[in-house]
Structure formats: structure tokens, C-alpha cells
Amino acid sequence: MSFREKSAWITVVSVLLCFGVYFGVIVAGAVDSHSFAAMHLLLACVALLIALRIGLSAVAKATTPKDGLAPRDEREDLIQGRAHSLGYYLLTALMLTLFLPVHLGHSAIDIANFALLNVVLTTLAVAGAQIVMFRRGA
Numbered sequence: 001m002s003f004r005e006k007s008a009w010i011t012v013v014s015v016l017l018c019f020g021v022y023f024g025v026i027v028a029g030a031v032d033s034h035s036f037a038a039m040h041l042l043l044a045c046v047a048l049l050i051a052l053r054i055g056l057s058a059v060a061k062a063t064t065p066k067d068g069l070a071p072r073d074e075r076e077d078l079i080q081g082r083a084h085s086l087g088y089y090l091l092t093a094l095m096l097t098l099f100l101p102v103h104l105g106h107s108a109i110d111i112a113n114f115a116l117l118n119v120v121l122t123t124l125a126v127a128g129a130q131i132v133m134f135r136r137g138a
């Protein structure tokens, strides 16, 4: 498995773990989304995401030392470009759906959480597309 495929897996695992905790707690109602506790939870989840990404990327680089330092080849550039193109269109479509909660009377904090969820879903889609393309050899 190449370093860049490992990096995509790291993205999927770390984003699912960190934002799964955040949105799980918010949806379950354990923390009121309008409280300072929710903001502190979000900051803790982002800090954990950063720590996980740095730590797991260091491990991935150590397990594939030559691949981690090598410049991207043409295939990896194409995979990244196609995955990010998919992510762009998905994020555009998801952001357009933010008009629904606005018209349903949700608060600005709820709208921000929906926007954050859209970004998280797009990040997962981009990383997932990269993994699929690396596996297919596209």
C-alpha cells in the first residue's frame, strides 16, 4: 500500500473517529449544541484530529520511507484530481441544501453544524474516492 493510499485511510479513520464523536454527542442530546460545552467538544475533537493525523502520518511515513518522500507521479496526480473534482461537486450540492434548515427556522449554530457536517461528508467522500481509485489502479 502506497503512502498516499495510507494517507487517505488515515483521513477516513481520523475524521470518522473525531467527528463521529462530535456529531454523535450532539445528535444524542448529551450536549446542547448551543452551549459552551459543545464548542469545547468541537475544539477537543479538532485537536484530536490534528494529533491523530500527525501521529498516524508519521507512522505511515516510517513504514514506507521511500514512498513518503517521493514526489507524486502522474497516476497519483490524476487520482487526486478526480477525487477532488468529485468533492467539489458534492460540497457544492450539499451547501445548496443549507437553504432548507434556514427556511425551517434553525438557529445560526445549527446551520454552522450542518455546514460542518457537509464538509466532513465531503472529506470522507474525497478520501473514499482516492482509496477506491488506488485499489482499482485507476
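Here the sequence shown is numbered in the working numbering, starting from 1 and rising by one per residue.
Virtual Cβ for every residue (Gly too), placed ideally from N, Cα, C.
The residue from GLY81, ALA83 and LEU116 with its alpha-carbon nearest to that of THR97 is LEU116.
CA-to-CA, the gap between HIS40 and VAL31 works out to about 11 Å. The Cβ neighbour count for GLY87, taken over all protein chains shown within 10 Å, is at least 16; the residue is labelled buried.
A residue is called buried once 16 or more other Cβ atoms fall within 10 Å of its Cβ, and ARG135, having fewer, is exposed. Taking C-beta separations shorter than 8 Å and ignoring five residues to either side along the sequence, the partners of HIS84 in its chain run VAL126, following chain order.
Taking a C-beta distance under 9 Å as the contact criterion, ILE109 and ALA38 qualify as a contact pair.
Closest option to ALA47, judged by alpha-carbon separation, among SER14, GLY137, GLU74 and THR122: SER14.
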